[in-house]
Structures are given as C-alpha cells and as structure tokens.
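Number of protein chains: 2
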Amino acid sequence: MFKVGILGGGQLGRMLLQAAANYPVETHVLENDDDCPAAHLCRYFIKGNIRDYDTVYHFGKGLDALTIEIENVNIEALERLESEGVMVYPKPGVLRIIKNKVVQKQFYAEHGIPTAAFAVIHSRNEIGQFAHLLPAVQKLAEGGYDGRGVQVIETIAEKNLGFDEHSVLEKKVRIKKEIAQIIAVDKNLKTALYPPVEMVFNKDLNQLDYQISPADISEKLLWKIEAIASAVVRNFQSPGIFAVELFIDEQDEILINETAPRVHNSGHHSIEAHFSSQFDMVWRIILGFPLGNTKAILPSAMVNIIGSEGHSGPVVYEGLDALLGIDNAFLHLYGKSETRPGRKMGHVTILSTEKQDLIHKANKIKQALTIRSRS
Amino acid sequence: MFKVGILGGGQLGRMLLQAAANYPVETHVLENDDDCPAAHLCRYFIKGNIRDYDTVYHFGKGLDALTIEIENVNIEALERLESEGVMVYPKPGVLRIIKNKVVQKQFYAEHGIPTAAFAVIHSRNEIGQFAHLLPAVQKLAEGGYDGRGVQVIETIAEKNLGFDEHSVLEKKVRIKKEIAQIIAVDKNLKTALYPPVEMVFNKDLNQLDYQISPADISEKLLWKIEAIASAVVRNFQSPGIFAVELFIDEQDEILINETAPRVHNSGHHSIEAHFSSQFDMVWRIILGFPLGNTKAILPSAMVNIIGSEGHSGPVVYEGLDALLGIDNAFLHLYGKSETRPGRKMGHVTILSTEKQDLIHKANKIKQALTIRSRS
Numbered sequence: 001m002f003k004v005g006i007l008g009g010g011q012l013g014r015m016l017l018q019a020a021a022n023y024p025v026e027t028h029v030l031e032n033d034d035d036c037p038a039a040h041l042c043r044y045f046i047k048g049n050i051r052d053y054d055t056v057y058h059f060g061k062g063l064d065a066l067t068i069e070i071e072n073v074n075i076e077a078l079e080r081l082e083s084e085g086v087m088v089y090p091k092p093g094v095l096r097i098i099k100n101k102v103v104q105k106q107f108y109a110e111h112g113i114p115t116a117a118f119a120v121i122h123s124r125n126e127i128g129q130f131a132h133l134l135p136a137v138q139k140l141a142e143g144g145y146d147g148r149g150v151q152v153i154e155t156i157a158e159k160n161l162g163f164d165e166h167s168v169l170e171k172k173v174r175i176k177k178e179i180a181q182i183i184a185v186d187k188n189l190k191t192a193l194y195p196p197v198e199m200v201f202n203k204d205l206n207q208l209d210y211q212i213s214p215a216d217i218s219e220k221l222l223w224k225i226e227a228i229a230s231a232v233v234r235n236f237q238s239p240g241i242f243a244v245e246l247f248i249d250e251q252d253e254i255l256i257n258e259t260a261p262r263v264h265n266s267g268h269h270s271i272e273a274h275f276s277s278q279f280d281m282v283w284r285i286i287l288g289f290p291l292g293n294t295k296a297i298l299p300s301a302m303v304n305i306i307g308s309e310g311h312s313g314p315v316v317y318e319g320l321d322a323l324l325g326i327d328n329a330f331l332h333l334y335g336k337s338e339t340r341p342g343r344k345m346g347h348v349t350i351l352s353t354e355k356q357d358l359i360h361k362a363n364k365i366k367q368a369l370t371i372r373s374r375s
Numbered sequence: 376m377f378k379v380g381i382l383g384g385g386q387l388g389r390m391l392l393q394a395a396a397n398y399p400v401e402t403h404v405l406e407n408d409d410d411c412p413a414a415h416l417c418r419y420f421i422k423g424n425i426r427d428y429d430t431v432y433h434f435g436k437g438l439d440a441l442t443i444e445i446e447n448v449n450i451e452a453l454e455r456l457e458s459e460g461v462m463v464y465p466k467p468g469v470l471r472i473i474k475n476k477v478v479q480k481q482f483y484a485e486h487g488i489p490t491a492a493f494a495v496i497h498s499r500n501e502i503g504q505f506a507h508l509l510p511a512v513q514k515l516a517e518g519g520y521d522g523r524g525v526q527v528i529e530t531i532a533e534k535n536l537g538f539d540e541h542s543v544l545e546k547k548v549r550i551k552k553e554i555a556q557i558i559a560v561d562k563n564l565k566t567a568l569y570p571p572v573e574m575v576f577n578k579d580l581n582q583l584d585y586q587i588s589p590a591d592i593s594e595k596l597l598w599k600i601e602a603i604a605s606a607v608v609r610n611f612q613s614p615g616i617f618a619v620e621l622f623i624d625e626q627d628e629i630l631i632n633e634t635a636p637r638v639h640n641s642g643h644h645s646i647e648a649h650f651s652s653q654f655d656m657v658w659r660i661i662l663g664f665p666l667g668n669t670k671a672i673l674p675s676a677m678v679n680i681i682g683s684e685g686h687s688g689p690v691v692y693e694g695l696d697a698l699l700g701i702d703n704a705f706l707h708l709y710g711k712s713e714t715r716p717g718r719k720m721g722h723v724t725i726l727s728t729e730k731q732d733l734i735h736k737a738n739k740i741k742q743a744l745t746i747r748s749r750s
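As they're listed, the protein sequences go chains A and B.
Counting along the first sequence from 1, when you hit position 236 you're at 236 in the working numbering, and nothing is skipped either side.
Counting from 1 along the second sequence, just add 375 to a position and that's the residue number in the working numbering.
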C-alpha cells in the first residue's frame, strides 16, 4: 500500500487521519508527544522531533510521500528526501519561502501580489527611517508562531517596543474584513478553489470570534481574491493545499497577509459543509486522484473551542450537552488532555441556509460551552 | 475520560472510530485479528475472541460502557458486566432475542409486530406438516450469518434440501420492496428515526445492487414502517441504534424481516447524507448527549464494494480514479488487505437532489470499479 508520512501530530494531523481511513493509504505520523491528537489514529506512530534532520530523514526514507501539518519542520531533510524520490507536499522550496516572513513578503512583492507596504530591517533603530510605514506591525523573520514574534508599533516613540532582530516592518492595514481562501493544487498543478470564508474577530479579546462561509463580499472582490490566490500557488509551482489569508481594507483593496502551505483552521468547516473537505482533498492530491468538489453543500459557521484564561491542566468541558442539543452543530474535540489559555481544543461547525441563524447559533455555542481545568 | 469498548473490529467498528475522534471518549477494541479494519484507529486494541466468556469479561471490566459491531459475541459475559455496572449498548437481553432466529421471530409474533407466517421446527421431516407455508425460507435458529444458514424450500418434494435442525420455516414473501429503517434510542428511551431507505437488488447476482435514500414509498407506508420500527424498539426497552429490515409485499402489507441491534450497512449513507450519521448517533447515545438530527441533507445512493467471484488474496482496486472523478461520490475503503468473493471491501455514497442522477451515478460507479486479487 502507498505509504504516507505526516510531520506533526496535532489536530490537523488528527483530521487528516480521520479522512485517510477512507482511502488506500498506509499512514505514518512523526511527533514528539506520543499522546498527541494524531497518535492513535495512524497505522504507525513514531516519536521524534520534526525539527531534527536525522529524525525527519529516517522517518521519510522508505515512504512514498510526505506531508506536513505545521511549517516548522526540518526543511533540509525534506529536500534530501525529495532528491531521493520521496514526493513532498508542499515542495520544500515552498516551505523555505513561507517559513521566513521576510522571504515570504519579498516573494509577494517580486510576483506583483498586492501586500501591505513594508521594509526589511535588522534592528529596532532602523524603525525611525520608516516613519511613513507607521502605525506598523513588526514581524520576526523566523521563529514567530501563534501570535508570538509580532509587535505593533504605533508611533516613532514606541520604537523601543520593537524587536532588535531581522524582521519585516509592515504598514498596518485598516482592515474591513479578514478573508481566507483555501486552494488545492494537484500533481499537474491544476487548481480547485473553495469559496472564501470570512473571519469575524472579537475586538476585546483579539481572537477569532467565529468564521462564516461563504464570505459576504461582492462578486468583484471574489474574483480579485481568487486571482490573488491563484497567482500565489502558480508562483509556488507545487502541488498541495494552501490557505491564503487576505485583508480587505477600507478602500476595498485586497492585500495578502500570509499563506499556510497546508490544511488550515479556516478550512475546518469543509468537513461537513463541502462535498470534498480540505482533509479529503489532501489524500486525493497525494494519491493522484482527481480533485474533489469544493462547492458548499450548505452555508456554515465555525467556532473554535479555545482554552480559557486562568485555566491550565486536565481539561473539563461544561455545556457539551447544551451544545449538542443545537440542531446541525457538529462537535470536533481534538483529544487534548490538558487545557492552556489560548490552546485550540476543538471546534464546532454549524450548517444552515440562513446567515442570521448561523450567527445566532455561533453565539449560542460560545455561551453554552465552558472550558476549564479540573480543580 | 469515559472509556468505551467495541466488540468486533470490522468496518462498522472502523467507522464508529472515525466518528469517535470528535468526542471526549477513550476507545478500546476487542478483535481476534490485529490488522482488522478497526485495529489502528482506536486508543487501545486488544487481540482476543469476542465469543469467549473470559476474554470479553476481562476486556469489559474497568470500562464505562460497551457496544458491539456484530451480534455474535459472548452474551453471558455482557450480562455479568451489566450486572456489575458496565453500561452495555444494546442490553444483552436484546442480543439474546436477536441472536436466535426462533426467539426473534416469536418476539415479533408475541408483540403483534407483523411478520411472515412461520412455524418452528426441529427437523426436516416436520416440513411436510407445514405445506401451507410453502414456498418457504428455512432459517437456522443459531449460527446462520451472511447468507449461510438459510435455505429456500419451494415444494414438499424439496424438503430434503432443508436443515435437520432447530429452525424457523417462514412463508416466502412476494417482495415488492425491501426497506431498512434505522432508529436511535437514547438512555431515556427517547427515539429518533432516520428516513427509511430502499434496497435495490440485482436479481441475477442475488445481491444488493444499490440503496436509495429516502425510499420511494407513500406517506401511509412510511407511517406504518415508522410505527413498526417504533414498536420493535419500545418492546426491546434498550438504548442503542437499531436497523429494522422490512418487506413491502405485493399487497402493500409491511412485514418485518429482522432487526440488527447495531449500526448497519443500510445506514452508511448517513455519514455524508444526514446531519447526524448512525455512527455519530452511537456516541451521542453512549455519552448521554442529546440525539442528533436524523434529517437528510440531500437524497443519496449507496453502493457496496464487494469482492469479486474468482478473486481471493491481496486486493487491487482498478478504476478508483474514474470513480473519484464522479462529482459528489464519497469513497470509503475499509482497509482490508485481502479480497474474497462477496467480502465487503468498502462502499461509495453519492449525493444528489435528483433520483435519476443517483441511479445513473450508482451504475457508473459499479462499471468504473474492478476489485481483483493481485496476480
């Protein structure tokens, strides 16, 4: 049977494995934690560090293909495996571009893909030279993840808040909407686009409140978004699945924020709401089957289940009963035994023909559910 | 975490585990074959014989709940576990009724549930006394499975074809349609009915050709079917999920054929076609959550992928590419490495608003796919 390895064993790996069980594929997972979300749903679990050259090389050697569920992996090992005939999704060259925020940003600029104005700096002292970019967001070239490695600089006076490192200084966009566009690319570089989704943020908590699919945007903006996402993957020249995150600014200009070269949080709704989910699509791509149907069966909303502030330790969910009493709400818990503030513990997808019903139920779910640690 | 054991590790177990990954549950599977379809998707796999008293008892002791994916399990061990506080779905008493075809048939008769006329016999010589039941189907009380243990007796002259054992001699029904009704029962014995499905048989091969959901029947027949299925589970007095198989005869009378006290082949379409699948429903019942929505999202057809005659050994699928090129066809392979004639290797569900489109695509899928053994 065709042997495929996944680097990383988090919830994205878990959902990849739920979908893999439908296909003729032998699954292998590499992750440091042998009780991670993906550990018990694969054929072979190997405990090891996905950032270590030898570990990744030995894991991948002898497999037919590899994919990732997180970018922060050993790219050198993937390059060697690729040169030795193992198919890697996405190509390691794409990971090189994306992993470094300076390189990623320059990639967009070089290929005429609209993105916020920026400068590349190496110390906080340089911020003063780029006053025209302020207020700005400074992002570390490497090592940032999940909100870390990002700093807002409002004025020159605040420049000492900045990182004294190789980074991107990017003009802050006045955001009207945040959009994500999932796009699948097969081995012949044929593409299939999911309808873009809209992220609704809670400004008080500065976190995703819920996500609505499809995004409520004009046809003209839809075309622009599809054109940008298509240009990104055309220039990557790699099969795989990609989540392109975009801003619509107050002038209705579209600017690319960043791209994830893998299944993504913004595509979770596709499990129930679309004919072919983002996870299903990955197996079609890797196994060389035709791309699936990206159309929506019904409109949907998605709510993340996030570890609450002030709670660390063995997780307890309260309100699952009320949540599961809501018609057409689909629960996905990720099997993490410990909660931490901000940790993604699961998500809920809601299907409905009516947008107001989706929003109403998304709020009901957030009210129903409490995530706390065992006292 | 709540610990649930599944007796049996076939495809029904596999699909139960795909659904379990969304819920807060620790899964355990007992099966003799450590490369069975469910072996690699559970938290703990235990190799052992589900028909052996000690094996089942030791497997179940220490778990919070048990369920089955096949009836042929050690009921005595389940009864002891039940008496010691382990929740068992369905109750072992229901397994006793269903496992023995004589007892099952008498159960329907006692509770006024319409079923074909029958006699209980102990030898083939008794067939002559029941000439009024011929042509008839003779079914062994115990030990029959998947077509074995069933013999058609057309005339008295054929009585020597009959089994010389404890069995049911049942008047052969002139079948217009075969229907399956899945019904879920929660801990408070509240029920939820899926729309009945219709099985379309290939008369030449004497096997299921495809299945259509919802069944094409009048509202009056629908009510009768729902009433019969409800009466069956009301008399079982057990939580769980049940598949009630029924005949509609040429006079539009409805007769119960048999009941499976578990997830069932006739409910596979519910994974994609219904808001809550039969597999999702099992976890809701066991974990004490509200029953899910049994409504269809879209009409569907389901085609089984069956091992071809003349092929035994390592399986090779041909035509998966063509199959997966059909819009809205969902493949489910069960991970069985060896094919055998008649073995269930997988299934395909098709979604469409149009019945003709469903039938067209079901036929296209059957033509596209070849299942053979490696030569």
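The C-beta atom is built at its ideal place from N, Cα and C for all residues, glycine as well.
For Ala671 (chain B), no CB of chain A lies under 7 Å from its own CB, so it is not counted at the interface with that chain.
Of all residues in the stretch 394-407 of chain B, only Ala396, Asn397, Tyr398, Pro399 come within less than 7 Å of chain A when Cβ atoms are compared, listed by chain position.
Residues of the stretch 247-258 of chain A with a C-beta atom less than 7 Å from some C-beta of chain B do not occur. Residues Pro570 of the same chain have their beta carbon placed closer than 6 Å to that of Pro589 (chain B), with the five preceding and five following residues left out of the count. If you ignore the 5 residues before and after Ala697 (chain B), its C-beta comes within less than 6 Å of the C-beta of Ala743, all in its own chain and listed in chain order. Among the CB atoms of chain B, none fall inside 7 Å of the CB of Pro214 (chain A).
Sequence-distant partners of Phe576 (chain B) (beyond 5 residues in either direction) whose C-beta falls short of 8 Å from its own C-beta, in its chain, are Glu553, Gln582, Leu583, Asp584. Interface annotation for the stretch 314-335 of chain A against chain B: Tyr317, Leu320, Asp321, Leu324, Gly325, Asp327, Asn328, Phe330, Leu331, His332, Leu333, Gly335, criterion Cβ-Cβ distance under 8 Å.
For a Cβ distance threshold of 8 Å, nothing in chain A lies close to Pro674 (chain B): the least Cβ distance comes to about 12 Å. Residue-level contact by beta carbon holds for Arg43 (chain A) and chain B, with a gap shorter than 7 Å. By the C-beta criterion, the stretch 254-263 of chain A is judged to be in contact with the stretch 91-105 of chain A, since at least 3 inter-stretch pairs fall below 8 Å. Take the alpha-carbon of Phe377 (chain B) and the one of Val657 (chain B): they are about 14 Å apart. Straight across, the Cα-Cα distance linking Asp34 (chain A) with Phe45 (chain A) is about 8 Å. Residue-level contact by beta carbon holds for Phe289 (chain A) and chain B, with a gap shorter than 7 Å.
One finds Glu647, Asp702, Asn703, Phe705, Leu726 in chain B with Cβ atoms closer than 9 Å to the Cβ of Phe275 (chain A), taken in chain order.
Closer than 7 Å to the CB of His132 (chain A) there is not a single CB belonging to chain B. Membership of Tyr194 (chain A) in any beta strand (DSSP E) is not indicated, and neither H nor E is assigned to it by DSSP. With a 10 Å radius around the Cβ and a threshold of 16 neighbouring Cβ atoms, Arg148 (chain A) comes out exposed. Shown here, Lys562 (chain B) sits in coil according to DSSP, grouped into three states, outside any helix or strand. The straight-line gap separating the alpha-carbon atoms of Glu647 (chain B) and Lys436 (chain B) is approximately 35 Å.
Cβ atoms of Leu733 (chain B) and Ile587 (chain B) come within 8 Å of each other, at about 6 Å. For the stretch 40-69 of chain A, the residues whose beta carbon sits under 8 Å from a beta carbon of chain B are, in order, His40, Leu41, Cys42, Arg43. Rounded to whole angstroms, the separation of the alpha carbons of Gly519 (chain B) and Gly537 (chain B) is 14 Å. Arg659 (chain B) counts as buried, since at least 16 other C-beta atoms from the protein chains shown sit within 10 angstroms of its C-beta. As DSSP reads the structure, Arg747 (chain B) sits in a beta bridge with B:Val691.
Residue state for Gln211 (chain A) is assigned as strand, using DSSP reduced to three classes. Shortest Cα-Cα distance from Glu31 (chain A) to any of A:Gly85, A:Asp52, A:Lys203 involves A:Asp52. Between Glu69 (chain A) and Leu7 (chain A) a beta carbon distance of about 7 Å is seen, short of the 8 Å cut, so the two are scored as contacting. For Asn304 (chain A), the nearest beta carbon of chain B is not closer than 7 Å to its own beta carbon. Secondary structure of Arg174 (chain A) (DSSP, three-state): coil.
By the Cβ rule, the stretch 322-333 of chain A does not count as touching the stretch 219-227 of chain A, because fewer than three pairs are nearer than 8 Å. For Ala440 (chain B), the beta-bridge partners assigned by DSSP are B:Val379, B:Met462. Residues of the same chain with a CB within less than 7 Å of the CB of Phe130 (chain A), apart from the 5 flanking positions on each side, are Ala119, Leu169 in chain order. The count of Cβ pairs closer than 8 Å, one atom from the stretch 666-685 of chain B and one from the stretch 712-721 of chain B, reaches three, so the stretches are in contact. Annotation: the continuous beta strand (DSSP E) that includes Glu31 (chain A) extends over 25-31. Between the C-alpha atoms of Leu453 (chain B) and Glu76 (chain A) there is a straight-line separation of about 54 Å.
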